[in-house]
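One structure is given below, encoded as C-alpha cells.
Protein chains: 2
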Amino acid sequence: MKKLVGKLIGLAFISMLAVSCGGDKQSSGDVVKSQKTFKWKLVTSWPKNFPGLGTAPENFAKLVNEMSGGRLTVKVYGAGEIVPGFEVFDAVSQGTAQMGHAASYYWKGKMPAAPIFTAIPFGFNAQETNGWLHYGGGIEMWRELYKPFGVIPFAGGNTGVQAAGWFKKEINSVADLQGLKIRIPGLGGEVMKKLGAVPVALTGGELFTSLQSGAIDATEWVGPYNDLAFGFHKVAEHYYTSGWHEPGAMLEFTVNEKAYNELPKDLQKIVEVATRAINQDMLDEYTARNNNAMETLKNKHGVVFKSFPNDVMAALKQASNEVIAEQEASDETFAKIMKSYRQFQLQVSEYHNLSEVEYYKNREQ
Amino acid sequence: MKKLVGKLIGLAFISMLAVSCGGDKQSSGDVVKSQKTFKWKLVTSWPKNFPGLGTAPENFAKLVNEMSGGRLTVKVYGAGEIVPGFEVFDAVSQGTAQMGHAASYYWKGKMPAAPIFTAIPFGFNAQETNGWLHYGGGIEMWRELYKPFGVIPFAGGNTGVQAAGWFKKEINSVADLQGLKIRIPGLGGEVMKKLGAVPVALTGGELFTSLQSGAIDATEWVGPYNDLAFGFHKVAEHYYTSGWHEPGAMLEFTVNEKAYNELPKDLQKIVEVATRAINQDMLDEYTARNNNAMETLKNKHGVVFKSFPNDVMAALKQASNEVIAEQEASDETFAKIMKSYRQFQLQVSEYHNLSEVEYYKNREQ
C-alpha cells in the first residue's frame with residue numbers, strides 16, 4: 009500500500025507541476041486562477057453534534073469544504089464553545105463568527121417579527137414553509153428584517169411537525185393548563201400564557217433535569233427522534249404528539265454580510281446552495297428517524313402517543329389567533345410579513361386539502 | 009484505505025502547489041490552481057423551458073456554472089433537440105450527453121424496477137420519498153440498478169401529489185372506466201388496464217390535440233400549474249384532483265459515470281449538491297404555483313375540482329396492490345427494492361398519521 013500511496017503522490021506531484029506552472033503550456037480550455045483561501049467559524053445554539061439540529065451545520069461545513077476544494081473551510085462550534093446558544097445572532101452580527109446556525113425565534117426580543125421565520129402556531133408545515141420562502145416572497149422579507157444587523161439569513165433545515173410535548177400529568181381540559189410550568193419558546197409560549205400556563209425559557213441541555221426535579225411540569229422539544237435522545241420518557245408520563253405550535257419548524261443559517269461580500273462570487277454561491285441542500289437534508293433525516301424513534305418509545309419504553317382533547321386544541325387555536333393579532337397590532341413589520349404569510353396560507357391550505365390531505369385519506373382507506 | 013490515499017493525494021496536491029509555483033506573489037493563505045474546464049450537455053424529456061419540469065434543469069445548470077466559477081458549464085437541451093424525450097437514458101448511458109433530466113418510469117422496458125423511483129400508486133408522497141431515498145437506503149438501490157448502464161442517478165425534483173387527470177365524461181363508478189382510452193404511464197397505466205381502461209403512452213406535447221380530437225378520452229399530466237399551461241380545461245370538462253397514482257412524483261438527474269469520474273472531486277460534489285438543491289426547489293415551486301393555477305382554473309375558467317367516488321378509489325387501490333404483487337413476482341430486483349420501500353412506508357405512514365395528518369386536521373377545525 010505504501011508503494012501505491014508513494015506512486016500516487018508522485019503522480020500528483022508530476023501532474024501538478026505540469027498543470028500548475030507556466031500557463032503557456034495549458035490547453036486552450038484551461039483556466040489558471042490564484043485563489044485566496046478563507047477560514048470561517050460557525051457558531052450554533054446546539055450541543056456539538058446534537059442529532060439533527062447539530063449534525064446539520066456539520067454536514068453543511070463538509071459540503072462547503074468539498075465543493076470549494078478547500079478554499080473555504082468552515083469550522084463548527086457547539087453552544088458555549090465560543091458564545092452561548094442564545095448569543096449566536098449577536099456573534100454573527102458583530103463578526104465574532106462568520107456564520108451561525110440557530111432558530112430565528114430566539115431573537116424575538118430584538119425583532120418581534122423574527123419568530124415568523126421559525127414557525128407560526130397553526131401555520132405552515134415544512135413543505136408550505138419552503139414554498140412561501142422561496143416562491144412566495146418570504147426570504148426577501150427575512151433578508152430585509154436582518155439587514156440592519158448586517159446579517160444574511162438562509163433556511164437551515166426543518167424538523168417537520170413538532171410534538172406538543174411531554175407532560176407529567178394528563179391534559180383533559182383547558183383547566184389543566186392553569187399554572188402549568190411549561191418550557192415552550194416563541195409564539196407558542198405566548199399562547200400557553202394566554203390559557204393560564206407559565207411558559208419558561210430553557211435551553212435543551214437544561215430540560216431533562218428541570219423536568220426530573222419538578223422545576224417544570226412539562227416541556228416541548230422537537231419530536232420522537234430528538235426527544236428519545238434526551239430521555240424525557242424517564243421523567244414524564246404523557247407524550248402529546250399532536251402538533252400545533254411549530255407545525256414545520258425551520259432552522260436558520262446566518263452569515264455576516266461583510267464576510268459574505270468578501271467572498272468571490274463562486275464561493276458565495278457555494279454557501280447559498282449548500283444551505284439549500286442542508287435545508288432539505290435535515291427534513292429527510294427527521295422523516296426517516298422519527299419513525300424509528302417512535303417505534304422504540306412505544307415498543308421498548310411503553311410510551312403512549314396522545315392527542316390533546318378537541319376542546320383544548322380549539323382553545324389553543326383561538327388563543328393563537330389572538331396572540332398573532334396582538335403582535336400585528338404592536339409591530340408594523342410583523343403585520344407586513346404576516347399579511348404575505350396569511351395570503352399564501354389561505355391558498356396553499358385550500359390546495360393541500362385537495363391534494364396532500366385527500367391523498368393521506370385515500371391511502372388509509 | 010481509499011480514504012487515506014485520497015487524503016494523501018489531496019495533501020500532495022496542496023503542498024505541490026505551494027512548492028511548484030511562484031509563491032512570492034501570493035499572500036500566505038493563497039492557493040494557485042490550474043483548472044481544466046468541462047463542457048457538458050444535458051438532455052431532457054421536456055419541451056425546452058417547460059414550466060417546472062423544464063426550468064429545473066435550467067436552474068441546475070445555472071447553479072453549477074456559478075459554483076464552479078465557469079470550470080463546468082452545462083448546456084440544457086429540450087426533448088428532440090439532440091435526442092427524443094424517451095431516449096434520454098440511452099443518450100446518457102452512451103455518453104452522447106453527459107447528463108439527463110427525465111423520469112425513471114420511462115425506462116420500465118429496460119428495467120422493470122425503474123418506476124419505483126418515480127412513484128408507486130398509493131405509496132410515498134414527496135417528503136416520504138426524500139426520506140426513504142436519502143436516509144432509508146433508497147438511493148443506494150437506485151445507483152445499483154443503473155450501474156450496469158454506466159449511469160448515476162440523483163433525485164431531480166418532485167411535483168408533489170399529482171392530479172388524477174382530465175376526463176371528457178364523469179366517472180361515477182368503476183364501470184365508467186371500461187374501454188376508457190387514457191394517457192397514463194408507469195404502474196398507474198397497469199392499474200387502469202386491470203380495471204378495463206386502455207392506457208396510452210404519449211408525450212406531453214401530444215396530449216392536448218389527442219384529447220381534443222377524441223383520440224383519447226382522458227389524460228393525467230401533473231397538476232394545476234402544468235395542466236393549466238397545456239390548456240386541458242378547454243377540451244375536457246371533468247378535473248379529478250384526488251391523486252392516487254403518483255402521490256409524490258420524483259424526477260431524476262442522470263450522469264454518465266465515466267464523465268463523472270473524469271471530474272475533480274470538488275466539481276463532482278458541486279454536481280451532487282446542485283441536484284439536491286434543485287430537488288427541493290422544484291417542490292417549492294409547485295407548492296407555490298399550484299395554488300395560483302388552481303385559483304385561475306376555478307375562478308376564471310369555472311373548473312370544478314372533483315374526487316373519484318369512494319368505490320372507484322377503493323378499486324384503484326386494490327388493483328394497485330395486485331399490479332405491485334405481479335411485478336414483485338416477475339422481477340427479483342423489483343421485489344428487493346419494494347421490500348425496503350414497503351417497510352419504510354409502514355413506519356412513515358404510521359408516524360405521519362400522528363403528525364402531518366393530525367396537524368392538517370387540527371388546523372382546519
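Protein chains in written order, with the working numbering: chain W, 9 to 373; chain R, 9 to 373.
Backbone N, C-alpha and C fix where the C-beta goes; we use that ideal spot for every residue, glycine too.
Beta-carbon separation of residue i and residue j under 7 Å?
i, j, result
"N299 of chain R", "Q355 of chain W", "yes"
"F352 of chain R", "T249 of chain R", "no"
"A244 of chain W", "W174 of chain W", "yes"
"A87 of chain W", "G78 of chain W", "no"
"A323 of chain W", "L203 of chain W", "yes"
"N370 of chain W", "V100 of chain W", "no"
"F125 of chain R", "W150 of chain R", "yes"
"V82 of chain R", "V72 of chain R", "yes"
"G60 of chain R", "A134 of chain R", "no"
"V199 of chain W", "A327 of chain W", "yes"
"F162 of chain R", "F261 of chain R", "yes"
"I278 of chain W", "M119 of chain W", "no"
"E364 of chain R", "V169 of chain W", "yes"
"Y247 of chain W", "P193 of chain W", "no"
"V84 of chain R", "L50 of chain R", "yes"
"D225 of chain R", "L188 of chain R", "yes"
Chain R beta carbons: is any one of them nearer than 7 Å to that of residue i?
i, result
"V182 of chain W", "no"
"E366 of chain W", "yes"
"L236 of chain W", "no"
"T295 of chain W", "yes"
"K10 of chain W", "Caution is warranted here: a pLDDT of 42 is assigned to K10 of chain W, below 50, making its placement in the model unreliable, and the coordinate value is therefore given only provisionally. By this cut-off, K10 of chain W is not an interface position."
"P255 of chain W", "yes"
"G14 of chain W", "Residue confidence for G14 of chain W is low, a pLDDT of 40 falling below 50, so the modelled location carries little weight and cannot support an answer."
"M7 of chain W", "For residue 7 of chain W there is no data in the structure shown, the boundaries of chain W being 9 and 373."
"G251 of chain W", "yes"
"D355 of chain W", "For the sequence presented, residue 355 of chain W should be read as Gln rather than Asp. Yes, contact with chain R."
Show which residues of chain W have a CB atom less than 7 Å away from the CB atom of residue i.
i, result
"L164 of chain R", "It is Gly, not Leu, that sits at residue 164 of chain R in the sequence shown. Those do not exist, as G164 of chain R stays about 13 Å from chain W at its closest Cβ, beyond 7 Å."
"I278 of chain R", "M75"
"A64 of chain R", "None at all; the shortest Cβ gap to chain W is about 13 Å."
"F313 of chain R", "L362"
Could you check whether the Cβ of residue i sits closer than 7 Å to any Cβ belonging to chain W?
i, result
"Y248 of chain R", "no"
"S36 of chain R", "Note that S36 of chain R scores 41 on pLDDT, short of 50, meaning its location in the model is unreliable; the coordinates nonetheless yield the value given after this. Chain W, which has no Cβ nearer than 7 Å to the Cβ of S36 of chain R, makes this no."
"G31 of chain R", "Legend: pLDDT at G31 of chain R = 32, less than 50; position of this residue unreliable, no value from coordinates given."
"L362 of chain R", "yes"
"R284 of chain R", "yes"
"M346 of chain R", "no"
"Q326 of chain R", "no"
Quick one: which chain R residues come within Cβ less than 8 Å of residue i?
i, result
"F130 of chain W", "N370, R371"
"A244 of chain W", "Residues of chain R passing the Cβ test: none, with the nearest at roughly 18 Å."
"K56 of chain W", "The contacting residues do not exist; K56 of chain W stays about 21 Å from chain R at best."
Compare the C-alpha of residue i against each of the options and name the closest.
i, options, result
"Q288 of chain R", "W:A171, W:W140, W:V182", "W:W140"
"Q220 of chain R", "R:L236, R:G212, R:A237, R:K242", "R:K242"
"E366 of chain W", "R:W252, R:T295, R:H309, R:E293", "R:W252"
"E293 of chain R", "W:Y143, W:E280, W:F132", "W:Y143"
"N166 of chain R", "R:G62, R:T45, R:A183, R:V331", "R:G62"
"G374 of chain W", "W:Y359, W:L80, W:V331", "Outside the displayed span of chain W (9 to 373) sits residue 374 of chain W, for which this structure offers no information."
"K306 of chain R", "W:E358, W:E372, W:T52", "W:E358"
"G103 of chain W", "W:A301, W:A267, W:E214", "W:A267"
"T52 of chain W", "W:K177, W:G108, W:G239, W:G145", "W:G108"
"A237 of chain W", "W:H360, W:L275, W:M302, W:P272", "W:M302"
"V230 of chain R", "R:L215, R:E178, R:D184", "R:L215"
"H309 of chain W", "W:P232, W:M346, W:R297", "W:P232"
At a CB-CB cut-off below 7 Å, which residues of chain R make contact with residue i?
i, result
"D292 of chain W", "N138, G139, H142, Y143"
"M119 of chain W", "Per Cβ cutoff of 7 Å: no residues; M119 of chain W is ~24 Å from chain R at best."
"Y359 of chain W", "N298, N299, M302"
"V281 of chain W", "L71, M75, V281, A282, A285"
Report the CB separation of residue i from residue j in whole angstroms; it is logged as a contact under 8 Å.
i, j, result
"I286 of chain R", "N67 of chain R", "6 Å"
"A172 of chain W", "F58 of chain W", "Wrong, their Cβ atoms sit about 21 Å apart, outside the cutoff."
"I190 of chain W", "T227 of chain W", "6 Å"
"L259 of chain R", "G164 of chain R", "4 Å"
"G212 of chain R", "P55 of chain R", "7 Å"
"T383 of chain W", "L153 of chain W", "Residue 383 of chain W falls outside the range modelled here, since chain W spans only 9 to 373, and no answer is possible."
Cβ of residue i within 6 Å of any heavy atom in the ligand ZN?
i, result
"F162 of chain W", "With respect to the ligand ZN, the structure shown offers nothing to examine, as it has no ligands at all."
Using a Cβ cut-off of 9 Å, pull out every chain W residue sitting near residue i, in sequence order please.
i, result
"R350 of chain R", "Within 9 Å Cβ-Cβ: nothing; R350 of chain R doesn't reach chain W, min ~13 Å."
"Q321 of chain R", "First, the amino acid is wrong: residue 321 of chain R is Met here, not Gln. Per Cβ cutoff of 9 Å: N370, Q373."
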